[in-house]
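Engineer: Below is the structure I would like to discuss, written out as structure tokens.
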Amino acid sequence: MAAAPISGLLAASPLVAAGPAGVPIAQDGLGFYGLILWLPAISMVLCGVCAALRVKSKLPAWITVGCLGASFGLTVGLYRAYESPVIIPLLQWLNIQSGQLTLVADFRFYVDSLTLLWMLFVTGIGTLIALYASEYMETDVGKGYSRFFAGISVFLFAMIALVAADNLLMLYLGWEGVGFASYWLIGYYYRKPSAVAAAKKAFIVNRIGDLGLLLGIYLIWHNFGTVQYAALFEQINAGGYPDETGGWSIKAIPYLLMLGAFGKSAQIPLYVWLPDAMEGPTPVSALIHAATMVTAGVYLLCRMLPVMGLHDLALPTVAWIGGLTALLSATIALAQYDIKRIFAYSTISQLGYMFMGVGMLASAAGAYHVFTHAFFKAVLFLTAGAVMHGFAGQVDLRKISGLLKMPGWRITGLTMLYACACLAGVPLLTSGFFSKDAIMAEAFVAEAGHGYRWLGIIGIVTAFLTAYYAFRVWFRVCAGEPHFEPGEEHHDASGRPRGEFHPHPPRLAVNLVLVLITVGAVWSIFLKRWAADMVADSTAGAVREAPAHAAGFWADPHLWMPWVAGTVGLVGIAVAWYFHLADRKAAERLKNALLANPVARLLPLALQNKWYVDEVYHATIRFPLWILGHILNLFDRYVVDLSLVDGIAKIPRALGRGFQPLHNGILHSYAISMAGGATLVAVLVFLLPQLVEFLGGLLGGQG
Amino acid sequence: MAEPASMIDKLWFLIPEIVLFGGVVVVSVMGLARRRIVRDAVPLVVCVFLVAAMAVIPFLYGHDRVFDELGRSRAGLLMPLLGRYVKLVVCAVGILLAMMSVWLTDRKLEAAVASGRARFDPIRVSRGEYFAFFLLSLIGVMLVCNANDLIWLFLALELTSLPTYIMVAISRPSAKALEAAVKYFFLGALSAGMFLYGFALLYGASGTIVLTEMRDVFAEQAAAGGLNSIALIGMLISLLGVSFKIVAVPMHFYAADVYEGAAAPVTAFLAFVPKTAGILAIMLLVSTVGYGGRTAAGIEGLPQPIMVALWMICVLTMTLGNVGALLQRSAKRLLAYSSIAHSGYLLIGIIAGPALGFDAVLFYLLAYGVMNTAAFAVLAGLQRRGEEIESLDDLAGLRARHPAMAVVMALAALSLVGFPPLLGFWGKLSVFIAGVEAGRIALVVIALINSAISAYYYLWLVGLPILAMPNAQSQTVVKSKVVWPRVAAVLAAVAVVVLPFFAQRLLSGSQGVGTPPAQQPLADSQRARADSQ
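Below is the structure:
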């Protein structure tokens, strides 16, 4: 068959046909679960009504929490009822079938274990964070409160559509939807210029990725004639696709999808939007920019894993980009002072690990890391939010200290400790330890080639840096002697403080959510096997020949990696302890010593300035575009507007003036014009056969 | 030839019209009642009858009712399923239009009566007759679906138009409205004369007035070497005459003046109801000459002279509509020209032919009806100095004081441009796809260029209410006394946003509706004969 080259390619990759051929469509009984998607939509509408009625209570929060909670409950129900992959039809949407053209995209759930894994934590953590936000946003009750919760509902609606879709078009709808919700919520404080700028930046950077995804979807449709997962996977697994007509247009697909994933999941080169996205309210940072939306890219690659095999360098590219992003953003996180920014860079770094895992076909490990990370990163952001909330917007780690010893802050401090430990990968006690090591071990297990061994080393170095910066935050903020300075929200417009400042510790809703998610983080330690099975049973299950491990400790990375990574993590924590608790002056001394040296000073400066990536983008992309924009503006103003538009606009005006006598509002002239026009048409049609032929040729020539 | 259809079979499909006619009688009596509450209930009663008619329609078109054992239409119709879709759409949009017209007439008189300054006088009120004519015109459109001969078609078209002349005249107490009505009436009479003459020629060429028989006669003529030239001339004159109803070039002259002169609810009515009737009539007429002929490119389509005529009308109509709209400063005139342009887009579907093209046209009619109603309802729902707003300046900065209306106007305009994912986008998409599939690429390219031109003026309607700052004139815009036009605006806007989710269902609702049942085999036999020659 003509398909031989590509099926050969498939055989070379360790992917084995994992997609169940012909996923059945649920006839009835399961349609009920469509409510998982519709409940957030209902909540959105109700919040909109609340906004219109100017509700001045916490009603929108309770509506949202209720709907999302019910959605989570239904997801759990769906999980318990789940036996084998099934498609649940919800709504007919697009069904274009005419001639060669077929485009079928309906609102349908594609339920398999991968979908369920994502849906469970998206709805579960979404509910908890909405609960947290009910208290966090309380100063805005009656102002932006309804708007905020409407945004959260839009986000959940879109995210569920993205994750549960049975075709790429619905996925794209959700993809754009979460991007829109993210824009909406980052720019929530729309009176703050930096928030507006951050929202715009996030939106525009994401557009670049989205363009890639859209082109990828188009090429998939172009080459395979379908955008539905089931039909697509069936074709790919059968190896029956038009490789001769395809060529580059098939090989480009994985790279385009990858670009989309890099945009949404903040990887090199499109990661720059995520740190700025921290301008949004903290629950948004926790929900959208740490736990759920940013994992959409990982989800896309897991879901499309069979498609990613269309070119054999695609997945190694993903792994390398992931590893480099992990390292780069970890180094930047070392030198930041803003707690939320540190956590944002750590999110990028951890996402890098996930991409590394997926790229090395350890999709189970990658997805397990997504799962554990969702919990502990949510806790980190929520504790940071609690601190911000309590200290009037203070996020500088130099200005708060000794949180544990302050009354009412114990839960915050302890949950943050556990989450930091997870991030650092403290052995045996933390979920991060198990998930991260699985990925790094895979780097040494994976077939040689593509330099995966180096990638593993990068992973270990990054693990050290991660442990250091995570505990730098904790030792600074939570340990040591109590001391604080209130943030800028304590000042009025003229910059004077508003009376004496008292920090207000978090109350029930915040503490409850913190404890619940921390419990979830602990619980996720025991879910490694379960998560791995969930992924392995789905189309993302990468079945690899188990390498024949030589006997002995050093021969099997899965055995020694925990010890190495654990040690590295503990060393990182110890270094952080020395510099940021035992002798806080030491860090300053080190920095000053480095700054005094003309060569070495470049390092801390570069770190603090995020390797100047924003500046480089500004110089290489934004500035030329700015110049181009101005040139085009001039062109538009003088060439297009003056000569073309105005010129063309003069034509109808001139014509109008020419025909003015016809449109003069006088009845009989209208009648004469009509009769004349009709005669003219009749004459044109009948008495000028040559013209007819000419016109016919003109028309026919196109046909 | 099949024996004439029985009266019962014909009447069966007229049940919705009969229901509405009951409404006409009730409403015209109620409008004269002494008690004000009864008079005020008139629009409500109209809506109730429209809902009742809608409720009946789905039960009428059972397969066995529509077709006999041989798969022919029982009522002898060219397109037996047409009514199922069109009548529902007409009634649904009719409800929105009725809501817009709630307080259109008698405003001053009723106020005077309520304050005791005047006595109630049945001679001077016109609400009852306004709504009676409103329903009669809707009945006219619905009857077009059931037309099985030329006389029925003519009467149905006139029943659609005659009430609208009066509605324009009584829509507002000003000389402008009267002038508009007179112009509209005389030019309408001229066009009616034209297409009646065309019908007569068609009868002369075919020897029959029954549409299905005409189709067979013309098919025989075509197979025997081409259509009778009298038939061609008759068809051409009929199409040109009916073009008046759809405001197509060269019969568009009245549009701007009349649309501007009538009150906004009536303008919305004119832009939808007679246009629907005209498009349906054109569909029926061109189907009699059939799509079995061959064009120069060898694609099956209309006989070439008819094709060329429609092609010219189509291109001129959309171009003139869009270019004309660029110059307008009055929102109503702008929408009048936009209405002309949209007729051009509709004609693409007609040229593409069944099944895809006609389906697209029917879907487009629904989309256009809803979005156009939304735009006009905004004009009807706001006032300045006691008159409905008209100029674009009135719309500037609407967002500040009437945010809901600003959003509705923006959505309606975006939908009229064809901005995805709003309703208008799906309408345009389906028409353009039909055009491409029928090989009319040049036509679709021209339409796309026209769409781009139209974005220029539609975006005013988006930008002015949402982005612009209020000016001195728009500061004085207030809400109209009754809330119903604004309710209609919001409902239509919601439909513009929500209906796309059901695009598939709506499209499949119109699918096959416009296809004559026996057309396929006939075309086959024709082809066989053409091949053997």
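Top line first, the protein sequences correspond to chains A and B. According to the numbering used here, the first sequence is numbered sequentially starting from 11. According to the numbering used here, the second sequence is numbered sequentially starting from 2. Backbone N, C-alpha and C fix where the C-beta goes; we use that ideal spot for every residue, glycine too.
Could you pull out every residue in the same chain whose Cβ sits closer than 7 Å to the Cβ of B:R128, ignoring the five residues on either side in sequence?
Structural biologist: G32, R40, V43, T106, D107
Engineer: Is it buried or exposed, A:W258, if we count other Cβ atoms within 10 angstroms and call 16 or more buried?
Structural biologist: exposed
Engineer: Measuring only between beta-carbons, confirm whether B:L241 sits less than 7 Å from chain C.
Structural biologist: Judged by its chain identifiers, the structure shown contains no chain C, and its protein chains are A and B.
Engineer: Any contact between the segment 360-372 of chain A and the segment 394-405 of chain A? By contact I mean 3 or more CB pairs, one from each, below 8 Å.
Structural biologist: No, the segment 360-372 of chain A does not touch the segment 394-405 of chain A.
Engineer: Interface residues of chain B around A:P683 at Cβ under 8 Å?
Structural biologist: The sequence as given places Ser at residue 683 of chain A; Pro does not occur at that position. Neighbours of A:S683 on chain B, chain order: P251, F254.
Engineer: What is the DSSP secondary structure of B:W312, counted as helix, strand or coil?
Structural biologist: helix
Engineer: Report the three-state DSSP secondary structure of A:R517 (helix, strand or coil).
Structural biologist: coil
Engineer: Taking the beta carbon of A:A560 as the centre, do at least 16 other beta carbons fall within 10 Å, making it buried, or is it exposed?
Structural biologist: Low local confidence applies: a pLDDT of 48 at A:A560 is under 50, so the model's placement there is unreliable, and no value is given.
Engineer: Between B:L237 and chain A, is the shortest Cβ-Cβ distance under 7 Å, so that the two count as touching?
Structural biologist: yes
Engineer: Is it the case that the segment 465-481 of chain A contacts the segment 350-360 of chain A, given that we only count it when at least three CB pairs across the two stretches are under 8 Å?
Structural biologist: yes
Engineer: Quick check on A:A287 - is its C-beta less than 7 Å from some C-beta in chain B?
Structural biologist: no
Engineer: Let me confirm a value: B:D65 is counted as buried when at least 16 other C-beta atoms fall within 10 Å, else exposed. Which label applies?
Structural biologist: exposed
Engineer: How about B:T268 and B:F426: do their beta carbons lie closer than 7 Å?
Structural biologist: no
Engineer: Touching or not, the segment 438-453 of chain B and the segment 349-362 of chain B, by the rule of three or more beta carbon pairs under 8 Å?
Structural biologist: yes
Engineer: Using alpha carbons as the reference points, say which of B:A113, B:H253, B:F273, B:R402 lies closest to B:C315.
Structural biologist: B:H253
Engineer: Taking one C-beta from the segment 196-203 of chain B and one from the segment 241-255 of chain B each time, how about it: are there three or more such pairs within less than 8 Å?
Structural biologist: yes
Engineer: If you draw a straight line from the alpha carbon of A:A240 to that of A:L311, how long is it in whole angstroms?
Structural biologist: One C-alpha to the other measures close to 16 Å.
Engineer: Could you run through the segment 420-432 of chain B and flag, in chain order, every residue whose CB is less than 8 Å away from some CB of chain A?
Structural biologist: none
Engineer: Which bits of chain B does A:L600 rub up against, with CB to CB less than 9 Å?
Structural biologist: Going along chain B, no residue has its Cβ under 9 Å from A:L600, so there is no contact; the nearest lies around 54 Å.
Engineer: Please compile the residues from chain A whose C-beta is within a distance smaller than 8 Å of the C-beta of B:I314.
Structural biologist: Near B:I314 (Cβ distances below 8 Å), the residues of chain A are V691.
Engineer: Below 7 Å between beta carbons is the criterion; list the residues of the segment 132-162 of chain A that meet it against any residue of chain B, in chain order.
Structural biologist: Per Cβ criterion, the list is empty.
Engineer: Based on the DSSP secondary-structure assignment, which residues constitute the bridge partners of A:T382?
Structural biologist: Per DSSP, none; premise fails for A:T382.
Engineer: Which value, in whole angstroms, describes the spacing of the CA atoms of A:V691 and B:G345?
Structural biologist: 16 Å
Engineer: Taking buried to mean at least 16 other C-beta atoms within 10 Å of its own C-beta, is A:T382 buried or exposed?
Structural biologist: buried
Engineer: Should A:H493 go down as buried or exposed, given a rule of 16 or more other Cβ atoms within 10 Å for buried?
Structural biologist: With a threshold of 16 other beta carbon atoms within 10 Å, A:H493 falls short and is exposed.
Engineer: Output, in chain order, the set of chain B residues within a Cβ distance shorter than 8 Å of A:L2.
Structural biologist: Because chain A here runs from 11 to 713, residue 2 of chain A falls outside it and cannot be looked at.
Engineer: Hey, could you find the ends of the alpha helix (DSSP H) B:R385 is sitting in?
Structural biologist: Looking at the DSSP string, B:R385 is not in any alpha helix (DSSP H); the run it does join, the beta strand (DSSP E), is 383-385.
Engineer: Bridge partners of A:A115, per DSSP?
Structural biologist: A:L104
Engineer: Identify whether B:I19 lies in helix, strand or coil by the three-state DSSP scheme.
Structural biologist: Residue state, collapsed to three classes: helix.
Engineer: Mind the definition here: the segment 142-152 of chain A touches the segment 173-183 of chain A only if three or more C-beta pairs lie below 8 Å; say whether that holds.
Structural biologist: no
Engineer: Please report the residue range of the alpha helix (DSSP H) in which B:D69 lies.
Structural biologist: Judged by DSSP secondary structure, B:D69 falls outside any alpha helix (DSSP H); it is assigned neither H nor E.
Engineer: When we look at the beta-carbon of A:K66 and count the other beta-carbons within 10 Å, is it buried (16 or more) or exposed?
Structural biologist: exposed
Engineer: Is the separation between the beta-carbon of A:M426 and that of A:M571 shorter than 7 Å?
Structural biologist: no
Engineer: Terminal residues of the continuous alpha helix (DSSP H) containing A:W283?
Structural biologist: 283-286
Engineer: Does the segment 408-418 of chain B come within contact of the segment 453-472 of chain B, defined as at least 3 CB pairs closer than 8 Å?
Structural biologist: yes
Engineer: Compare the beta carbon distance of A:H512 and A:G400 with 7 Å and say whether it is the shorter of the two.
Structural biologist: no
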